[in-house]
């Protein structure tokens with residue numbers, strides 16, 4: 161069962177620099193050798209920012225049904241699991257290429273504090289998860305008015 165390393169949805173600068181550098185080296189080595197990159201996930205995904213507080217995570221899950229998937233949030237960690245029973249191949253199946261993964265997978269995302277999952281939808285092999293990130297008032301940027309003491 162492939163297990164994807166958890167990462168932060170809102171990465172810090174140091175996390176971003178180190179992981180990006182490793183990914184670049186990994187991709188370059190893979191291009192030179194023709195091997196598959198270590199860091200390439202089994203399940204591909206997109207992350208889109210809708211507005212300041214809303215995000216949309218879309219995971220490619222071809223062939224999986226609702227009963228094959230599990231989405232859970234514990235603390236700040238989003239866990240997406242897929243478990244599909246592989247059907248036994250019949251003797252008359254003659255595969256030329258089997259590139260669509262149908263086994264088990266686990267994706268983990270560290271979402272940080274103050275996150276809630278609004279909904280999860282499955283359509284055309286894409287699992288879309290709506291994420292709301294609510295920043296508490298004390299953590300929001302405050303603008304301080306500047307008074308001009310010379311104008312009296």
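Numbering (our numbering), first residue to last: 161 to 312.
Cβ atoms here follow ideal geometry from the backbone N, Cα and C, with glycine treated the same way.
Between the region 224-241 and the region 275-289, the count of Cβ pairs shorter than 8 Å is three or higher; the stretches touch. Contact between residue 219 and residue 267 holds, with the beta-carbon distance rounding to 7 Å and staying under 8 Å.
Within the same chain, 232 and 268 come within 6 Å of residue 239 by CB-CB distance, once the 5 residues on both sides are set aside.
The beta-carbon distance between residue 222 and residue 285, rounded to whole angstroms, is 4 Å. This is short enough to meet the 8 Å contact definition. Taken atom to atom, the span from the alpha-carbon of residue 243 to that of residue 302 is near 46 Å. Contact annotation, residue 276 with residue 292: C-beta distance approximately 5 Å; criterion of less than 8 Å satisfied. Assignment of residue 270 by DSSP, reduced to helix, strand and coil, places it in the strand class.
Residue 276: member of the beta strand (DSSP E) spanning 275-283, first to last residue. Cβ contact annotation for residue 298 (same chain, cutoff 8 Å, sequence separation greater than five): none. Between residue 274 and residue 287, the C-beta spacing is not below 8 Å.
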